[in-house]
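Here's the structure we're looking at; comments come further down.
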Amino acid sequence: MRKTIIVSNRLPVKMMEQDGEYVLQASEGGLATGLGSIYREGNNIWIGWPGQEISDSKEQEKITAQLRQMNLMPVFLTEEEINNFYEGFSNETLWPVFHYMSVYARYEQVYWDAYYQVNKKFRDIVLSVAEQGDTIWVQDYQLLLLPGMIRAEMPEISIGFFQHIPFPSFELFRLIPWRAEILEGMLGADLMGFHTFDDTRYFLEAVNRLLSAKTTANVVNYNDRAIVVETFPMGIDDKKYGELGQDPQVLSNIQQLKDTFKTEKMILSIDRLDYSKGILQRLHAFELLLQMYPEYVGKVVLYMIVVPSRDSVPQYKQLREDIDRKVGHINAKFRTLSWHPVQYFYRSFPMEMLSALYNFADICLVTPMRDGMNLVSKEYVASRNNNDGVLILSEMAGASKELIDAIIVNPNNIGSIMTAIMEAVNMPLDDQQRRMKAMRQVVSKFNIHHWVKLFMDRLQEVNTMQQNMLAR
Ligand code: G6P
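Numbering (the UniProt record's numbering), first residue to last: 1 to 472.
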């Protein structure tokens, strides 16, 4: 029977060490939900890293057996691979360049060598299960070489690739010393997907200029193969967020929030710790508001959740300290006996609390400097069953191309974020509802299941097209 193999750096579950034992924790991420309907079926499989360094071979065998029961297959990474492949090339080279922060990028040969080797490690595991007729769907920037590596061994197998982060414009991408190898790796796929038309266009331009590959509209002709490059904006499981609003635990959390924040308007901010998210700029805008318009003192609260992430990468460590300092500064300067301007949490929250916050917050402030899509903005919209609430969204997030009824801001323009907050705080209910309804339609129609189906159907069409071309 033909099967589908999903490959991503992380598995949809994480191994956590608890009292000397490894326990599994399921991921709540959008991708895990969307692809859940695929990898759990029949003999389909999801290949990825379980998120922990596990070096003991007995332990590895035990974990492999446990994961295989769930249609999952682990790729174990050594400490050195975690340092050089994951933290190194993926997150200190590709991540900053692809997010237009090239000054943070390090171009180290050891990082590249590890990236190449780990992509090969993933390839070997894919090859150990792949059979002719299977479909392979590779996810994201940690595995850019994998499509090409698989193609070299299985020239006829169907391969899709989706990139969840932006693809930068040519002038940024060309900075990477191994740029040609990266493009060649990606072009091993039959169908490549990006979140926005701009990402797609930039990729096509890079291929055209760096590989001199012939591109016609959205098709690249390379090494006698036709590769289709298209835009597939990723959605979320909107129903799940709508329904969570009725969950008893969520309702009780909402009540608690109502009791705590009786008179203030809540501005919600939720991100992974990352310099691409514009967290400091957001704090700056909030500070400016309190400074320039003291009538907002005591009236608004910034509820800020920062989820720990990649904390051994130097820039992330630094950012954490900068946020701590900025929050401390704002609170020290403006707090009153009964009011704290910034409620700051550096940890992850359970789904029931996130849902309560999405339901309760008057405003959701999402101002990344650059973001492939940004699912928080869509989760807020999907949670607003009453059609009220205001979304402030950065024009640098992929989601801004779809959620055009948000208040759209340039995240570098601190003054405009401040004005957007004032506009949101004072927005009449009918205006909120008109905008929210329009955004909810988009989020509901183009949900995660739609995204998965669109990509998989298109991959099949592309394969049929290629077979017809060969038969001619
Ligand atoms: C982004 C990337 C994902 C990544 C996630 C969390 O959304 O597109 O590929 O898994 O961040 O980052 P982490 O480094 O913890 O996997």
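Using N, Cα and C, we set each Cβ at its ideal position, and we do this for glycine too.
For ASN426, the nearest candidate out of VAL390, VAL366, ILE254, HIS329 (CA to CA): Taking the sequence shown and counting its residues from 1, one reaches residue 426 at position 426. The shortest Cα separation from ASN426 among VAL390, VAL366, ILE254, HIS329 belongs to VAL390.
message: Do ALA217 and PHE170 count as a contact pair if the criterion is CB distance below 7 Å?
response: For this step, residue 170 is matched to residue 170 along the sequence shown. For this step, residue 217 is matched to residue 217 along the sequence shown. No, the Cβ-Cβ distance between PHE170 and ALA217 is not below 7 Å.
field: Contact belief for VAL376 with ILE279 at Cβ below 8 Å, rounded distance in angstroms
entry: Against the sequence shown, residue 376 aligns to sequence position 376. Against the sequence shown, residue 279 aligns to sequence position 279. In fact, because the Cβ distance is near 12 Å, the residues do not count as touching under 8 Å.
query: How long is the line joining the alpha carbons of MET373 and ASN331, rounded to whole angstroms?
result: On the sequence shown, residue 373 is found 373 positions in, with the first residue counted as 1. On the sequence shown, residue 331 is found 331 positions in, with the first residue counted as 1. Taking the straight line joining both Cα atoms gives about 31 Å.
- request: Just mark ASN91 as buried or exposed, buried being the case when its beta carbon has 16 or more other beta carbons within 10 Å.
  value: In the sequence shown, residue 91 corresponds to position 91, counting from 1. It is buried - the Cβ of ASN91 has at least 16 other Cβ atoms within 10 Å.
task: Could you work out which residue in ILE267, LEU172, VAL313, ARG347 is closest to VAL306 when comparing CA atoms only?
output: One-based indexing of the sequence shown puts residue 306 at position 306. That would be ARG347, whose Cα lies nearest to the Cα of VAL306.
query: For the alpha helix (DSSP H) that contains GLU59, what are its first and last residues?
result: As a position in the sequence shown, residue 59 is number 59, starting the count at 1. From DSSP, the alpha helix (DSSP H) with GLU59 extends over 57–68.
task: Report all residues from its chain with a CB closer than 8 Å to the CB of ILE63; omit the five preceding and five following residues, and keep chain order.
output: By 1-based counting over the sequence shown, the position of residue 63 is 63. The residues are MET15, TYR22, PRO50, ILE54, PRO74.
task: Count the C-beta pairs between the stretch 150–166 and the stretch 183–199 that are closer than 8 Å, then say yes if the count reaches three, no if not.
output: yes
query: Is it right to say GLU17 is buried, meaning 16 or more other beta carbons lie within 10 angstroms of its own, or is it exposed?
result: Walking along the sequence shown from the start, residue 17 turns up at place 17. Result: exposed.
task: From the DSSP output, in three-state form, read off GLY398 for me.
output: Stepping through the sequence shown from its first residue, residue 398 is reached at position 398. Helix, per DSSP.
message: Are there any heavy atoms of ligand 1 lying less than 6 Å away from the beta-carbon of ARG320, as far as the coordinates show?
response: Residue numbering aside, residue 320 sits at position 320 when the sequence shown is read from its first letter. Not so, every heavy atom of ligand 1 lies at least 6 Å from the Cβ.
message: On the DSSP letters alone, give me the boundaries of the alpha helix (DSSP H) that PRO74 sits inside.
response: Mapped onto the sequence shown, residue 74 falls at position 74. Not the alpha helix (DSSP H): PRO74 falls in the beta strand (DSSP E), residues 72–74.
field: Status (buried if at least 16 other CB within 10 Å, exposed otherwise) for SER383
entry: Working through the sequence shown from its first residue, we reach residue 383 at position 383. By the neighbour-count rule (16 or more Cβ atoms within 10 Å), SER383 is buried.
- request: Identify, in the order they occur along the chain, each residue of the same chain with its Cβ nearer than 8 Å to the Cβ of residue 476, setting aside the five sequence neighbours on each side.
  value: The structure shown does not extend to residue 476, since the chain is modelled only from 1 to 472, so the question has no answer here.
- prompt: Of all the beta strand (DSSP E) runs that stay within the bounds of the stretch 15–40, which reach a length of 3 or more residues?
  reply: 21–26
field: Straight-line Cα distance separating GLN246 from VAL442
entry: Residue mapping note: residue 442 aligns to position 442 of the sequence shown, counting from 1. Residue mapping note: residue 246 aligns to position 246 of the sequence shown, counting from 1. So the two alpha carbons sit approximately 22 Å from each other.
message: Whole angstroms are fine: how far does the CA of GLU230 sit from the CA of LEU454?
response: Residue numbering aside, residue 454 sits at position 454 when the sequence shown is read from its first letter. Residue numbering aside, residue 230 sits at position 230 when the sequence shown is read from its first letter. Distance between the alpha carbons of LEU454 and GLU230 is about 11 Å.
- request: Tell whether a beta-carbon distance below 7 Å holds between ARG370 and SER309.
  value: Working through the sequence shown from its first residue, we reach residue 370 at position 370. Working through the sequence shown from its first residue, we reach residue 309 at position 309. Contact: no.
- prompt: Short check: CB of GLY235 to CB of GLU184, under 7 Å?
  reply: Translated into positions along the sequence shown, residue 235 becomes position 235. Translated into positions along the sequence shown, residue 184 becomes position 184. No, Cβ-Cβ distance for GLY235 and GLU184 is not below 7 Å.
Cutoff 7 Å: TRP451 Cβ touching any chain B Cβ: The question asks about chain B, but that chain is absent: this structure has only one protein chain.
message: I'd like to check one pair, LEU288 with TYR296: are the Cβ atoms closer than 7 Å?
response: Reading the sequence shown from its first residue, position 296 is the one you call residue 296. Reading the sequence shown from its first residue, position 288 is the one you call residue 288. Not a contact, by the Cβ cut-off of 7 Å.
task: Within its chain, find whatever has a CB closer than 8 Å to the CB of ASN44; leave out the 5 residues flanking it on each side and keep chain order.
output: The residue labelled residue 44 in the question sits at position 44 within the sequence shown. For ASN44, where only same-chain residues beyond five positions count, the Cβ hits under 8 Å are LYS3, THR4, ILE5, ILE6, ILE38, ASN71.
message: Taking the straight line between their C-alpha atoms, what separation do you get for ASN253 and THR263?
response: For this step, residue 253 is matched to residue 253 along the sequence shown. For this step, residue 263 is matched to residue 263 along the sequence shown. Those two C-alpha atoms are separated by around 17 Å.
- prompt: ARG370: beta carbon under 6 Å from a heavy atom of ligand 1?
  reply: Mapped onto the sequence shown, residue 370 falls at position 370. False, no ligand heavy atom lies under 6 Å from that Cβ.
task: Run the proximity test for PHE10: is its beta-carbon closer than 6 Å to any non-hydrogen atom belonging to ligand 1?
output: Translated into the one-based positions of the sequence shown, residue 10 becomes position 10. A small correction: the amino acid at residue 10 is Arg; Phe does not occupy that position in the sequence shown. Under cutoff, so the answer is yes.
message: Looking at the secondary structure, which residues open and close the beta strand (DSSP E) in which ALA130 lies?
response: For the purposes of this step, residue 130 is taken as residue 130 along the sequence shown, with counting starting at 1. ALA130 -> no beta strand (DSSP E), and no H or E assigned at all.
message: Looking at ligand 1, does it come within less than 6 Å of ASP124, judged from the CB to the closest heavy atom?
response: Position 124 of the sequence shown, counted from the start, is the residue given in the question as residue 124. It does not: the Cβ of ASP124 is nowhere closer than 6 Å to a heavy atom of ligand 1.
task: Determine the direct distance from the alpha carbon of LYS58 to that of LYS378, and round the result to whole angstroms.
output: Along the sequence shown, one-based indexing puts residue 378 at 378. Along the sequence shown, one-based indexing puts residue 58 at 58. Answer to the nearest angstrom: the Cα atoms are 42 Å apart.
task: Evaluate LEU273 with the Cβ neighbour count: other Cβ atoms within 10 Å of its Cβ, from every protein chain shown; 16 or more gives buried, anything less gives exposed.
output: Start at 1 with the first residue of the sequence shown, and residue 273 comes out as number 273. Its Cβ being crowded by 16 or more others within 10 Å, LEU273 is buried.
The stretch 113–124 touching the stretch 77–87, judged by at least three CB pairs closer than 8 Å: yes
Euclidean distance between Cα positions of ARG320 and ASP311: The residue you call residue 320 lines up with position 320 of the sequence shown. The residue you call residue 311 lines up with position 311 of the sequence shown. Looking at the two C-alpha atoms, the distance is approximately 9 Å.
field: N-terminal and C-terminal residue of the alpha helix (DSSP H) that VAL381 is part of
entry: Sequence index remark: in the sequence shown, residue 381 carries index 381 (1-based). Counting along the chain, the alpha helix (DSSP H) containing VAL381 begins and ends at 375–383.
- request: Following the continuous alpha helix (DSSP H) through PHE173, name the residue where it begins and the one where it ends.
  value: As a working mapping, residue 173 is identified with position 173 in the sequence shown. 170–173 is the extent of the alpha helix (DSSP H) around PHE173.
LEU24 beta carbon less than 7 Å from that of VAL13: Working through the sequence shown from its first residue, we reach residue 13 at position 13. Working through the sequence shown from its first residue, we reach residue 24 at position 24. Yes; because the gap between Cβ atoms is below 7 Å, this pair is in contact.
- prompt: Looking only at C-alpha atoms, which of ALA471, ASN463, ASN468, ASP124 sits nearest to ALA135?
  reply: The residue you call residue 135 lines up with position 135 of the sequence shown. One point to set straight first is that residue 135 is Thr, not Ala, in the sequence displayed. Selected option, being the one with the closest Cα: ASN463.
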